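Throughout the sequence shown, residue numbering follows my numbering, covering 21 to 415 in sequence.
Note that the Cβ used here is the ideal one computed from N, Cα and C, for glycine as well.
Keep in mind that this is a model prediction, so the values were computed, not measured.
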Amino acid sequence: MKPIEIADGLFWVGAIDWNMRDFHGYSTKQGSTYNAYLIMDEKITLVDTVKKEFADEFIQSISDIVDPKKIDYVISNHTEMDHSGGLARVMHKVGEDKPLFCSKVGHKNLSRHFTQKWNYQPVENGGKLSLGKRTLTFLETRMLHWPDSMFTYLKEDKILLSSDAFGQHYASFERFDDEIGDTIMPHARKYFANILLPYAPLILKLVDQVTEMGLEIDMICPDHGIIWREDPMKIIHAYVEWSQQKPKRKALIIYDTMWHSTEAMADAVAEGLYEKGVKATPMHLRSWHRSDVMTEVLDAAAIIVGSPTLNNGLFPTVSDFLTYMKGLKPKDKIGAAFGSYGWSGESIQLISKELEAMKFKVIDPGMKVQYVPDSEDLEACREFGRTIAQHLPPE
Ligand code: FEO
21 MKPIEIADGL FWVGAIDWNM RDFHGYSTKQ GSTYNAYLIM DEKITLVDTV
71 KKEFADEFIQ SISDIVDPKK IDYVISNHTE MDHSGGLARV MHKVGEDKPL
121 FCSKVGHKNL SRHFTQKWNY QPVENGGKLS LGKRTLTFLE TRMLHWPDSM
171 FTYLKEDKIL LSSDAFGQHY ASFERFDDEI GDTIMPHARK YFANILLPYA
221 PLILKLVDQV TEMGLEIDMI CPDHGIIWRE DPMKIIHAYV EWSQQKPKRK
271 ALIIYDTMWH STEAMADAVA EGLYEKGVKA TPMHLRSWHR SDVMTEVLDA
321 AAIIVGSPTL NNGLFPTVSD FLTYMKGLKP KDKIGAAFGS YGWSGESIQL
371 ISKELEAMKF KVIDPGMKVQ YVPDSEDLEA CREFGRTIAQ HLPPE
């Protein structure tokens, strides 16, 4: 991919990954991009690299602007291999002795991924680096998305190179928000829900910190997807809203089923909720990918999970989803469990225990039906939905 000059002397030199469909368990139906940035100043500086498989194409893209040997500094904002996988090839081309700036944790983490003894220059939070016409400021952003993560701010350009934050897994030739419009927002939301949700409190603190520092931001350049230049505040405001996780009058009925009994229960619970004005969606876990379900979890008030009892335990897809959701730490949810069983019926207690571990307010008892629900059972499921609706916030 050819480089693109995104501001005077600042180039996008990343790679487009049209074919990636899974990012550690998150379905990336539209691929992704690995964005890196080349700053042409008195000290030529490269910020981040790309996945290892794209390293040759990346080096070619840099070479369209400058001989890589002329790069003076390399900055690693984040160790994860979608941004540092190409680092060994890049350092080999740039020069193994060139200063490599990263956070202190970045130094430790890069050293655990690469055996080369590079000229690491760990930086402090708020540390500065003059490139000539420009001054860079480094901002530690621990856990966004790893402990090593940091932002690089270009003061004179008012541009924030934000690493994973504000990104989207979205492969396209368009590079800017104004070229793509609001169609990008669902991708940004899915990315937030599946990558950054556990760190929502840190995001709110970070936004406060940036506001207090009075950083002027004309452009936000993340390491994935499109760049926010038309309205960078739009994504910041969206992050604040998503981080707050204010529940809506919305319920998800997330389930799997063996012989359609739990499915019939799910539909009936959803009907009961809908009767009470709740936006209720049954989500079969073999029809919905776990990461699409998580995107909906973001603003749902009630998470109602159903599983048949299989060999005294949960259906495997339900266990998978509960594990995934637990790691992403959604907050302030009402939880409930339901499911069919044949003879032992442990699934309800197992689901409730998991939801309680996530600090959900669990509505007890759950709804359990032996073998096949009859019309009375289905009416009880509808009533279960109506009862849950009483706990939800008003419209
Ligand atoms: Fe895009 Fe945390 O890597």
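Residue i: buried (16+ other C-beta within 10 angstroms of its C-beta) or exposed?
i, result
"F158", "buried"
"G201", "exposed"
"E415", "exposed"
"H189", "buried"
"P11", "Nothing about residue 11 can be reported from this structure: the residues present for the chain run from 21 to 415 only."
"T231", "exposed"
"P252", "buried"
"L391", "Checking the sequence, you will find Tyr at residue 391 rather than Leu. Counting Cβ neighbours within 10 Å, Y391 comes out exposed, since fewer than 16 surround it."
"E374", "buried"
"T161", "buried"
"M233", "exposed"
"D397", "buried"
"F193", "exposed"
"P350", "buried"
"G444", "The question about residue 444 has no answer, for the chain in this structure spans 21 to 415."
"T172", "buried"
If we ignore side chains and look at the alpha-carbon of each, how far apart do residue i and residue j end up?
i, j, result
"W32", "L216", "24 Å"
"A409", "S327", "21 Å"
"M111", "L222", "32 Å"
"K71", "A35", "8 Å"
"I247", "S183", "11 Å"
"I237", "K178", "5 Å"
"T65", "K346", "40 Å"
"G292", "G187", "38 Å"
"H280", "P393", "10 Å"
"H103", "F74", "10 Å"
"S131", "K296", "56 Å"
"K49", "D42", "8 Å"
"K128", "Y294", "52 Å"
"E403", "T277", "21 Å"
"W308", "R109", "39 Å"
Tell whether a beta-carbon distance below 8 Å holds between residue i and residue j.
i, j, result
"S311", "Y46", "yes"
"D92", "K118", "yes"
"P242", "N39", "no"
"K270", "A320", "yes"
"R195", "I24", "yes"
"L272", "I323", "yes"
"Y344", "M314", "yes"
"K124", "P142", "yes"
"E116", "W166", "no"
"V325", "Y259", "no"
"L305", "S263", "no"
"V94", "L120", "yes"
"A156", "A185", "The sequence given here has Leu at residue 156, not Ala. No, they are not a contact pair."
"C401", "A288", "yes"
"L348", "P218", "yes"
"I371", "L412", "no"
"T282", "G359", "yes"
"D61", "C122", "no"
"K388", "I368", "yes"
"L151", "I59", "yes"
"D197", "I204", "yes"
"A290", "G386", "no"
Roughly how far, in whole angstroms, is the beta-carbon of residue i from the beta-carbon of residue j, given that I think they are within contact range, below 8 Å?
i, j, result
"P37", "A191", "Looking at the sequence provided, one finds Asp at residue 37 rather than Pro. Indeed, because the Cβ distance is near 6 Å, the residues count as touching under 8 Å."
"I255", "V227", "That belief does not hold up - the Cβ atoms of I255 and V227 are roughly 11 Å apart, past 8 Å."
"K22", "S83", "Not really, about 11 Å apart at Cβ, beyond 8 Å."
"S286", "P267", "Ser is not the amino acid found at residue 286; the sequence shown has Ala there. Rounded, the Cβ-Cβ distance is 20 Å, inconsistent with contact."
"Q265", "A208", "That belief does not hold up - the Cβ atoms of Q265 and A208 are roughly 16 Å apart, past 8 Å."
"T329", "E366", "5 Å"
"H244", "S96", "Contact flag wrong, Cβ pair sits at about 16 Å."
For a cutoff of 8 Å on Cβ pairs, would you count residue i as touching chain C?
i, result
"Q265", "Any reference to chain C falls outside this structure, which holds one protein chain only."
Ordered list of beta strand (DSSP E) runs contained in the region 77-105, each at least 3 residues: Correct list: 93-95.
Start-end ranges of the beta strand (DSSP E) lying completely within the region 25-63, minimum 3 residues: You should have 30-32, 35-37, 52-54 and 57-59.
Any alpha helix (DSSP H) of 4 or more consecutive residues that is wholly inside the region 216-243: If we require 4 residues or more, the alpha helix (DSSP H) runs fully inside the region 216-243 come out as 220-233.
Every unbroken alpha helix (DSSP H) inside the region 166-202 [4 residues or more]: Secondary structure in the region 166-202: the alpha helix (DSSP H) runs of 4 residues or longer, each lying completely within the stretch, are 197-200 in chain order.
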